[in-house]
Amino acid sequence: MIWDIFSIIIFPGLFGAIIIGLLYEGLGRKITARMQHRRGPPIHQPFFDWIKTMTKENITPKAGNSFLMTLCPIVSLAAAVSAILFVPILGLPAIVFEGNIFVFLYFLLISVVFVAVAGFATGSPFGIIGSSREIIQIISYELPFIISLITLGFLTGFQITPFTAVYFPFTIFGFMLGIMGKLGLPPFHIPEAEQEIVAGPMTEFTGPRLGIFQLSHAALLWVLVSSATVMLFGGGTIIEFFIKSVIILLVLMFIKNIFSRAKINQAFKFYWLVVMPLVLIDLVRVLTGFMVG
Amino acid sequence: MSNFCLPFGPQHPGLVEPIHVKLEVEGEKVIGYDIKFGYSHRGIEKSLEKRQWIKGIFLAERVCGICSHCHTLAITQGIETLANIQPTGRSEYIRVVMAELERLHSHLLTLGVCFHEIGFGTIFQYMFRDREIPMELLELISGNRVNYGMNIPGGVRRDIENHKVKIIMQKLDKLEGRFDYYLKLLEKDIIVKKRTQNVGVLSKKDAIKLGATGPVRRASGISTDFRKTGPGAYGDLSFYAVTENGCDVHSRLLVRTKECEASISLIREALRNMPEGDINKKVPPIMNIEKGRETISRVEAQRGELIYYLRSNGMMPYRIKIKTPTYANYVPLGEMLKGSLISDVPITVASLDPCVTCADRMTVVKNGKEKIYTKEELKRL
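What follows is the structure, given as structure tokens:
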């Protein structure tokens, strides 16, 4: 009982997810700056940003729905934190039952969908266009992501357990691209395209509401990177785990900095016509038992 | 999805200067547009009429921070024509070097902004880093990074000495390698190509009909470059106009990149062939030009053809009319935006290299409504 509460609130739950997520974000910004020949902010900069955001006031636009605008960030954060409870990190006990992979998927989806709902709730044209893009993007990357998770599910008995998926490169490919879609990393930062639609769904958000969205994004980063470490690369001890997850972060940041933004129709085509057949190859391989292991 | 209006500016992260592009959108598709400006009108044309000729050059430099040399060049050439002054040979070469260095830093800025608009932050940072090289060279020659204060009637104010020539040559070699890289990037990178090819198309016919100018015109396959006709020292140098036939944003970027390479070779040639001699002539600071004399002075600025119309009123100008290239390119912008997606709008606008404040014109608003003056009313003013 005490252990449950500890895991929900301290680690890997709420506080752990937020702190490590924000640190990862800071690390990502540092790597980006280094790649762009800049000095970059210190790694703990996202904490300062967050504190500053939290001290500002909440503003609801005339066309906005105040209730929904408050609800969305909280649900988004709660869903992202709940998802981490299903991932066995560092051998800590997680919520284990057959089929928890689907619950994990649902929580991840809820976290992202509520970002889109938030954009619609603001009533701003930028928010609405951003949200509709977010929804289209979810439709694009979600199916390849689900298929790659199901492939892993067949191998692990539909439970999230440490597993090394080196023999299934396309599954890794689909999973990583799903992560990039969910986090909105380039070339898929289409919903938040600042040059086109300001900040997309986040345009009208200010103060604590925006702060909680920042936390939710950080928690999502932590969940996705750590689940990739566990489910694709076998997790391991505390040092192994963090080395692996930082390497994944490095790869993500590297990809982030060598691409420009795609258009939403191009992203859709890419996920459905390029990624989908590749992840299906791995699924068929697993189902037929062809060249497995 | 129903139609709604998406304001693109006057305050928008995709824009540096205030311009208001009102977009009527249906989902992601642009079906209507309206461009409005007048947010940063400064009344420079009017205040030029209240200054003596030499002081006017100082003010004309402040029209634009990016093409400041071209503005002074245009007004100086105009004054020289009015007062029958021939600039010295060496000064004309120095003017070419300054103009081409300025073109380099301006094009690097534009290309960087264009990459920023399609979400390519890394190349944006690279371009701004490389932009420091021409900026440093300009500082080396003139002592300033933005407003150089080089042109005066009869020549220039600062010389390029031999030891400076050596430094310029070295730095240009470094810069040239960078442009090879950018050219390769533009030709090879899949996503950049997908984002820019067949976007913001302006056909050759429309470019002529709507009067596009500068790199926008040259990217539509029309070889119009005022430098070709050889004003100043350009006639003695081996200049060629860069053109592309793609008619889209991609070819505009290519034209700018290739123009930079052409500029580098022009600077090298100008520095090698620079004749010895004085850099300026003794011209009285207070000039008295015969009343009623008028002239048109043209300069190929980075964004296109810059036109100054000057009419004398003795000690001061009677009227100076500035036509900046951006102003000419606003009309084709409407044609380019037709039927594009929202994601294409920022890159299309940026591909014009708009200098909003230079091209800003006044809007008269009375009782909350815009008033359009007729010809007779304007005469009465």
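Going down the list, the sequences are from chains Z and F.
For the first sequence, the numbering used here begins at 1 and goes up steadily by one.
For the second sequence, the numbering used here begins at 1001 and goes up steadily by one.
In this text, a Cβ means the ideal position worked out from N, Cα and C, and glycines have one as well.
As the structure is a prediction and not an experimental result, all values here were calculated from the model.
Within chain Z, no residue has its beta carbon less than 9 angstroms from that of S1312 of chain F; the closest one is some 46 angstroms off.
A contact is defined here as three or more CB-CB pairs under 8 angstroms, and the region 69 to 89 of chain Z meets this definition with respect to the region 104 to 118 of chain Z.
P1134 of chain F does not reach chain Z, its nearest Cβ partner there being about 17 angstroms away, counting only Cβ pairs nearer than 8 angstroms.
K1258 of chain F sits in a helix when the DSSP states are folded into three classes. Secondary structure note for G28 of chain Z: its alpha helix (DSSP H) is the uninterrupted segment 14 to 35.
At least 8 angstroms separates the beta-carbon of L27 of chain Z from that of L215 of chain Z.
Approximately 13 angstroms separates the beta-carbon atoms of T206 of chain Z and G127 of chain Z; this is outside 8 angstroms, ruling out the contact. A distance below 8 angstroms between beta-carbons, with the five flanking residues on each side excluded, links A33 of chain Z to the following residues of its chain, in chain order: R39, G40, P41. For I84 of chain Z, the enclosing alpha helix (DSSP H) stretches over residues 66 to 84. Shown here for P1285 of chain F: same chain residues with a beta carbon closer than 7 angstroms to its own, the five before and five after excluded, namely I1054 in chain order.
Per DSSP, the unbroken beta strand (DSSP E) holding L1006 of chain F starts and ends at 1003 to 1008.
Residue state for K1291 of chain F is assigned as coil, using DSSP reduced to three classes. For C1358 of chain F, the CB contacts under 7 angstroms within the same chain, skipping 5 residues up- and downstream, are V1063, C1064, T1324, T1326 in chain order. Note: S1297 of chain F is bridge-paired with F:Y1308 in the DSSP secondary-structure output. Distance from V1345 of chain F to E196 of chain Z at the Cβ level is roughly 7 angstroms; contact confirmed, criterion being Cβ atoms closer than 8 angstroms. In the DSSP annotation of this structure, the continuous segment of the alpha helix (DSSP H) that includes I243 of chain Z starts and ends at 238 to 257.
Rounded to whole angstroms, the separation of the alpha carbons of P1275 of chain F and I1085 of chain F is 19 angstroms. Within 7 angstroms of the CB of F259 of chain Z, the CB atoms of chain F belong to I1191, in sequence order along the chain. Using a Cβ distance threshold of 8 angstroms, V1165 of chain F and R1095 of chain F do not count as a contacting pair. Within the region 186 to 215 of chain Z, those residues whose Cβ lies closer than 9 angstroms to any Cβ of chain F are, in chain order, P186, P187, H189, I190, A193, E194, Q195, E196, I197, V198, A199. DSSP, read as helix, strand or coil, puts L185 of chain Z in coil. Along the region 1010 to 1038 of chain F, the positions whose C-beta sits under 8 angstroms from a C-beta of chain Z are H1012, P1013, G1014, V1025, G1027, E1028, read in chain order. Residues are counted here when their Cβ sits less than 8 angstroms from a Cβ of chain Z; for the region 1064 to 1098 of chain F the count is zero. A check of alpha carbon separations from I1279 of chain F across F:G1027, F:E1028, F:F1008, F:P1087 identifies F:P1087 as the nearest. Per DSSP, reduced to three states, the secondary structure at T164 of chain Z is strand. Not a single CB atom of chain Z sits nearer than 8 angstroms to the CB of L1185 of chain F. For I1118 of chain F, the chain Z residues whose C-beta falls within less than 7 angstroms of its own C-beta are S260, R261, listed in chain order.
Under the 8 angstroms criterion on CB atoms, R38 of chain Z is classed as interfacial with respect to chain F. Neighbours of M180 of chain Z in chain F, taken as residues whose beta carbon is under 8 angstroms from its own, are absent, since the nearest beta carbon is some 13 angstroms off. The contact set of I247 of chain Z on chain F, defined by CB atoms closer than 8 angstroms, is empty, because the minimum CB distance reaches about 20 angstroms. The beta carbon of S1343 of chain F falls within 8 angstroms of a beta carbon belonging to chain Z, placing the residue at that interface. In this structure, F168 of chain Z lies away from D49 of chain Z, with their beta-carbon atoms at least 8 angstroms apart. Distance check between R1303 of chain F and each of F:N1288, F:R1217, F:E1294 places F:R1217 closest, using alpha-carbon atoms only. Judged by DSSP in its simplified three-state form, I281 of chain Z adopts helix.
For H1020 of chain F, the secondary structure class from DSSP, reduced to helix, strand or coil, is strand. Judged by DSSP secondary structure, E1370 of chain F falls within the beta strand (DSSP E) whose first and last residues are 1369 to 1371.
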